[in-house]
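For the sequence shown, counting from 1, position 99 maps to 410 in the working numbering; every step adds exactly one.
Every residue gets a Cβ at the ideal spot worked out from N, C-alpha and C, and that includes glycine.
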Amino acid sequence: MTLTTVIDANVAASLASALDLVTASAPLELNTRITMPSGTTSGKADLCWSDTRTVAASSTDALDLAGTLAGVLGGTLTIVKLKAVLVRAAAANVNNVRVNRPASNGVPLFLAASDGIDVLPGGLFLWVAPGAGVTVTAATGDLLNIDNSGAGTSVTYDVVLVGTSA
312 MTLTTVIDAN
322 VAASLASALD
332 LVTASAPLEL
342 NTRITMPSGT
352 TSGKADLCWS
362 DTRTVAASST
372 DALDLAGTLA
382 GVLGGTLTIV
392 KLKAVLVRAA
402 AANVNNVRVN
412 RPASNGVPLF
422 LAASDGIDVL
432 PGGLFLWVAP
442 GAGVTVTAAT
452 GDLLNIDNSG
462 AGTSVTYDVV
472 LVGTSA
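Given below as structure tokens:
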């Protein structure tokens with residue numbers, strides 16, 4: 312089984328200001344493409360997992376990257392090196408989707424335990440480290456928590472994880 316991963320990030324913006332005789336503009340375009348061919352060494356990936364998930368109000372969805380994620384083609388995935396994470400919050404969410412490193416057994420995606428980032432409704436979080444990635448250690452550093460930031464309503468999110476099996 313082979314995996315080819317292409318991650319594109321594009322930002323295009325144009326700032327314009329009408330002056331007396333002309334309109335001044337400042338266009339911006341930043342495009343980045345990261346390609347990871349199939350493999351387990353630096354710059355490569357051989358595992359990809361994705362899902363649309365819902366987290367109940369004030370709850371946590373603990374993603375265990377070492378041995379509990381069901382593969383799309385069968386079997387269970389065990390990610391050894393995490394290379395990319397994409398979390399997209401549904402626009403209809405009322406609460407934020409919180410991506411974080413749990414205090415116990417967290418994947419060292421963020422600097423310290425309990426660090427994380429809120430993904431506001433309609434927003435996304437994208438992290439990519441195509442080289443070495445971060446090490447996922449079964450039972451001691453294999454959890455990525457996705458929390459619902461508040462009470463009252465559930466949140467829905469899409470998630471994509473890319474990594475290696477060795």
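Discussion item. I need the boundaries of the beta strand (DSSP E) containing Asp469, first residue and last residue.
Written reply: Val466 to Thr475
Worksheet entry | Counted within 10 angstroms of its Cβ, other Cβ atoms place Ala316 as buried (16 or more) or exposed | Note that residue 316 is Thr in the sequence shown here, rather than Ala. So Thr316 counts as buried.
Worksheet item: Going by other Cβ atoms of all chains shown within 10 Å of its Cβ, with 16 needed for buried, is Asp319 buried or exposed?
Response: Asp319 is exposed by the Cβ-count criterion.
Worksheet item: Hey, quick one: how far does the beta strand (DSSP E) through Gly427 stretch, first residue to last?
Response: Gly427 to Val430
Fill in: Segment limits, beta strand (DSSP E) that includes Asp357
Asp357 -> no beta strand (DSSP E), and no H or E assigned at all.
Worksheet item: Does the separation of the CB atoms of Leu420 and Val445 fall below 9 angstroms?
Response: yes
Discussion item. In the DSSP assignment, the beta strand (DSSP E) including Thr387 goes from what residue to what residue?
Written reply: Thr387 to Thr389
Worksheet item: From Thr389 to Lys355, what does the alpha carbon distance come to, in whole angstroms?
Response: Just so you know, the alpha carbons of Thr389 and Lys355 end up roughly 16 angstroms apart.
Fill in: Segment contact flag, the region 386–402 with the region 456–473, C-beta cutoff 8 angstroms, min 3 pairs
yes
Worksheet item: Do you know offhand how far Pro413's Cα is from Thr346's?
Response: 29 angstroms
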